[in-house]
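Residue numbers (full-length UniProt numbering): 1 to 250.
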């Protein structure tokens, strides 16, 4: 038996016991706790404690100040909680409709992989378009998105959701909703497939903003974006290579 077959009875029981709106809201919240808050707090503790063994992995070598760390944490958690509240209010207003496909029948492995790849490709394209818009529109950049890029030369994992509240919901919230929702609607992707991708995307975002570098190309590429904000606008390199906005990290 594969994992889906073993997990199917538990998932079906969950869907029969609880309302789909509650399942959707809880699943989204848990994915953000696992993908954003947990790894973000790990890097937060590294920056707070500043162990000697971690310093060689930092680029640049300096750690953020404690004041900046707390500011990042407070802002990022505020934005996350605001998103939870808005999502909950939408589900209450739209009840019994849900944003995602909350189906008691889990997809097969082949279907799940196909949905995952489809959501990833469509989502990456949407992310690139929104991110490029925030940089190329002077007003949007100066008034909103520049706050995120003003995190300074000592980044931290929590800074992935640091920024103006409008920036968070226009650049993070709306694009992420479209990045996950539109492909999910087009492909009728199961909520667990969509949120699995969301977790990996969030972890990648936290790591790429953390300032800690290892053999992961997207980490270096995103640092190059914070050094030259007109380059490396995609979460991954493929859209930048396609539209000539890629620059190799140093």
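In this text, a Cβ means the ideal position worked out from N, Cα and C, and glycines have one as well.
Which partner residues of residue i appear in the DSSP bridge assignment?
{"i": "residue 101", "result": "190"}
{"i": "residue 212", "result": "58"}
Determine, using beta carbons only, whether residue i and residue j come nearer to each other than 8 angstroms.
{"i": "residue 255", "j": "residue 106", "result": "This structure cannot settle anything about residue 255, because the visible part of the chain is limited to 1 through 250."}
{"i": "residue 206", "j": "residue 63", "result": "no"}
{"i": "residue 157", "j": "residue 225", "result": "no"}
{"i": "residue 102", "j": "residue 15", "result": "yes"}
{"i": "residue 76", "j": "residue 161", "result": "yes"}
{"i": "residue 35", "j": "residue 230", "result": "no"}
{"i": "residue 135", "j": "residue 145", "result": "yes"}
{"i": "residue 196", "j": "residue 116", "result": "yes"}
{"i": "residue 45", "j": "residue 159", "result": "no"}
{"i": "residue 57", "j": "residue 213", "result": "yes"}
How long is the line joining the alpha carbons of residue i and residue j, rounded to whole angstroms?
{"i": "residue 194", "j": "residue 123", "result": "10 angstroms"}
{"i": "residue 125", "j": "residue 222", "result": "16 angstroms"}
{"i": "residue 232", "j": "residue 10", "result": "42 angstroms"}
{"i": "residue 133", "j": "residue 121", "result": "19 angstroms"}
{"i": "residue 239", "j": "residue 142", "result": "24 angstroms"}
{"i": "residue 153", "j": "residue 13", "result": "The predicted position of residue 153 is uncertain, since its pLDDT is 46 and thus under 50; no value can be drawn from it."}
{"i": "residue 78", "j": "residue 24", "result": "21 angstroms"}
{"i": "residue 246", "j": "residue 6", "result": "43 angstroms"}
{"i": "residue 110", "j": "residue 127", "result": "26 angstroms"}
{"i": "residue 83", "j": "residue 248", "result": "34 angstroms"}
{"i": "residue 27", "j": "residue 192", "result": "8 angstroms"}
{"i": "residue 211", "j": "residue 53", "result": "14 angstroms"}
{"i": "residue 40", "j": "residue 241", "result": "29 angstroms"}
{"i": "residue 55", "j": "residue 19", "result": "48 angstroms"}
{"i": "residue 65", "j": "residue 112", "result": "43 angstroms"}
{"i": "residue 74", "j": "residue 100", "result": "29 angstroms"}
{"i": "residue 98", "j": "residue 190", "result": "12 angstroms"}
{"i": "residue 51", "j": "residue 67", "result": "18 angstroms"}
{"i": "residue 86", "j": "residue 139", "result": "26 angstroms"}
{"i": "residue 227", "j": "residue 155", "result": "12 angstroms"}
{"i": "residue 244", "j": "residue 129", "result": "13 angstroms"}
{"i": "residue 203", "j": "residue 80", "result": "15 angstroms"}
{"i": "residue 119", "j": "residue 131", "result": "18 angstroms"}
{"i": "residue 137", "j": "residue 163", "result": "17 angstroms"}
{"i": "residue 108", "j": "residue 114", "result": "10 angstroms"}
{"i": "residue 104", "j": "residue 17", "result": "11 angstroms"}
Just to check my reading of the structure: residue i and residue j have Cβ atoms closer than 8 angstroms, yes? What is that Cβ distance to the nearest angstrom?
{"i": "residue 235", "j": "residue 201", "result": "7 angstroms"}
{"i": "residue 91", "j": "residue 21", "result": "4 angstroms"}
{"i": "residue 38", "j": "residue 69", "result": "About 17 angstroms; that fails the 8 angstroms criterion."}
Checklist entry - If you scan the stretch 54–99 from start to end, which runs of the alpha helix (DSSP H) of 4 or more residues do you find wholly inside it? => result Runs of the alpha helix (DSSP H) inside the stretch 54–99: 66–94.
Minimum length 4: unbroken alpha helix (DSSP H) runs contained in the stretch 8–34:
For the stretch 8–34, the continuous alpha helix (DSSP H) assignments of 4+ residues that do not extend past its boundaries occur at 20–32, in sequence order.
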